[in-house]
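To convert a position in the sequence shown, counted from 1, into the numbering used here, add 225. Beta carbons: idealized from backbone N, C-alpha and C, even for Gly. Here the structure is laid out as structure tokens; the discussion comes afterwards.
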Amino acid sequence: MRVTPAFAVPRNADAVEIVHIPVPEDVDLPPLPTQADSWVGHYQRVLLNVRTGEMSFFCADWRVYVPVLGDEDRAVWKSQYPGESPINSMNAATRPVPELLMFFIDTWTRVDFPAAGRPSTPAWVYLTREQGDAFVASLVPLAQQLVDNLFRVPGTDDLEWSAESVAAVRLIDAACSRYHQGPRGVETSLAGLINFADAVVAVPGLVRGEWAEMEDTQLDDAADVLSRSRYHLDPQLREESGRPCDEGGGIGLKVYGARAWLYTYRANEADNRPILDAARWFAEPAHTLIGRMTADHDDEAVSMFAERERTAALRDGVKLVGVESVAHAYRDELRSRLIDDELTQAREAVERLQRAKAARAALLAQIISWGDARYHSDNDAELGRRAGMTRQAVNQLRKALSDDVDSGD
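Okay, structure coming up:
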């Protein structure tokens, strides 16, 4: 039974303090829409910079037409949508957390719809500058919870979502809803969310030793697969999550923090030595693959070669990753190049042979056309010997030329 490695995945706690930045007095906000402007939509937003901790009230200019995003419209678009909705990156769990997050405030223009056919909706008219600043200030504790719980991906500057930070996003979204209109009464819930670190504790069999040997791109691909997996058939996770099966046997778990966990696992398995991609190692003249690996290396020989390179790197105090994939790719390239070269040479040889045959046939045709008695058909064997052809081939050529003359061609 595999023992789950004991290590902590680094969080972003204490790295950033969330500070509310009031809208500067010299910044003109667009006028509040009236009942006649009921088409305006959610133009009031909350901006949160997860790197600097700055949090502010933002109003897009609802009077400005925003075209469909294109290269030529990017400046206009960015002025109206300066941040990114957390949903976009949360759904791609291994995508780094954007620096500037943007939450839509569910304020709207109050319109007196007829009661019939319209459900009653809480009124939350657009906020003034002062109201907007006060509202954003009330969200600072939730934003701090979001930022503190983000994972840090070792060896990179990337931040990654955790179950707790996603739960904080849900809280802020709820507070921005017209049904709550603030953080009071919103409740934290991790339902359907799980960190990969917790998943491997519950099910140690999820851990794969080969992760320790993967380079960054391979590790990112593995993290993407793990984040997309819902583990809905694993009874241990089902029990650990404390959620019953819904129809179809799934528990709907969304997995977060897989990339940060994998990078931490790899560093832990390397005893925290520097991680070096094999491609960079082999790019050094002292470690070049040229002359050290051939097309004749079989898979076992490649594995042995990779092990020797890993050992050599360890002596230099470096953990080498992605060695076998780079070595296999180089061996396969050599084989492909060899096949291409051989086929090219064979094709050129065939073309030379065809040209030589054509030249011999042309020469014989010229000789036959002379009608010289010395080269009568009785001498086809001698002609063939001198031309490197059989007597029958020369005879057939003579007959073909005779047929051409008879047909008038």
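Q: Kindly indicate which three-state DSSP category D502 falls into: helix, strand or coil?
A: strand
Q.
Counting only beta-carbon separations shorter than 8 Å, does A538 have a partner in chain D?
A. Looking for chain D here will not work: only one protein chain is present.
Q. In the segment 563–595, which residue ranges form an unbroken beta strand (DSSP E) of at least 3 residues, counting only runs that do not cross its ends?
A. none
Q | Three CB pairs or more closer than 8 Å across the segment 421–436 and the segment 395–410 | A | no
Q) Whose C-beta lies closer than 8 Å to the C-beta of R276 among residues of the same chain, with five residues either side of it excluded? A) V241 and E324
Q | Given P321 as reference, the closest of L375, R585, P307 and Q570 once Cα atoms are compared | A | L375
Q) Any idea if Y290 is buried or exposed, counting beta-carbon neighbours within 10 angstroms, 16 or more meaning buried? A) exposed
Q: Assign S281 to buried or exposed, taking buried as 16 or more other Cβ atoms, counted over all protein chains shown, within 10 Å of its Cβ.
A: buried
(Q) Just to confirm, is the Cβ distance from L589 to V619 under 8 Å? (A) yes
Q) Expressed to the nearest angstrom, what Euclidean distance is found between the alpha-carbon atoms of H512 and R535? A) 11 Å
Q: Tell me where the beta strand (DSSP E) around F530 begins and ends.
A: No beta strand (DSSP E) holds F530; the alpha helix (DSSP H) holding it covers D524 to R540.
Q.
When you compare the segment 363–372 with the segment 265–276, are there three or more beta-carbon pairs, one atom per stretch, that lie closer than 8 Å?
A. yes
Q) In chain order, what residues of the same chain lie with their CB nearer than 8 Å to the CB of R236, ignoring the 5 residues before and after it? A) D373, N374, L375, F376, R377 and S387
Q) Are three or more beta carbon pairs between the segment 481–489 and the segment 523–537 nearer than 8 Å? A) no
(Q) Need the endpoints of the alpha helix (DSSP H) that M327 sits in, please. (A) Per DSSP, M327 belongs to no alpha helix (DSSP H); it is in the beta strand (DSSP E), L325 to F329.
Q: Evaluate the contact criterion for the segment 541–555 versus the segment 497–507: three or more CB pairs, one atom per stretch, below 8 Å.
A: yes
Q: Could you round the C-beta distance between W436 and A424 to whole angstroms and report it? I think they count as a contact, below 8 Å.
A: The pair is not a contact, with the Cβ atoms about 14 Å apart (cut-off 8 Å).
Q: Could you check which residue in A233, K624, A581 and T332 has the C-alpha nearest to that of V265?
A: T332
Q) With distances taken from CA atoms, which of R453, R505, M518 and R491 is nearest A317? A) R453
Q. Can you name the residues that DSSP bridges to K624?
A. Paired residue(s): none; K624 is not in a bridge.
Q.
Starting from F282, trace the alpha helix (DSSP H) in both directions and tell me its first and last residue.
A. No alpha helix (DSSP H) contains F282, which is instead part of the beta strand (DSSP E) from E279 to C284.
Q: Could you tell me the distance, in whole angstroms, from the CA atom of L578 to the CA atom of A625?
A: 22 Å
Q. Counting along the chain, where does the alpha helix (DSSP H) carrying N313 start and finish?
A. P311 to M315
Q. The alpha helix (DSSP H) spanning Y490 covers which residue range?
A. A483 to E494
Q) Leaving out five residues before and five after L487 in sequence, what residues of the same chain have Cβ atoms less than 7 Å from its Cβ? A) W436, L444, A447 and A448
Q) For the candidate residues E573, R395 and H245, whose alpha-carbon lies nearest to that of T413? A) R395
(Q) Excluding the 5 residues flanking P311 on each side, which residues of the same chain have their C-beta closer than 7 Å to its C-beta? (A) L326 and V394
Q: Keeping to the same chain, check which residues put their C-beta closer than 8 Å to that of E549; ignore five residues upstream and five downstream.
A: E438, V527, S528 and A531
Q. Based on the DSSP secondary-structure assignment, which residues constitute the bridge partners of Q269?
A. C284
Q. Can you round the beta-carbon distance between H267 and F329 to whole angstroms, since I take them to be within the 8 Å contact cut?
A. 4 Å
Q) Hey, quick one: how far does the alpha helix (DSSP H) through L545 stretch, first residue to last? A) Run containing L545: none in the alpha helix (DSSP H); it sits in the beta strand (DSSP E), K544 to V546.
Q) From this set, V234, G434 and E355, which residue's C-alpha is nearest I246's C-alpha? A) E355
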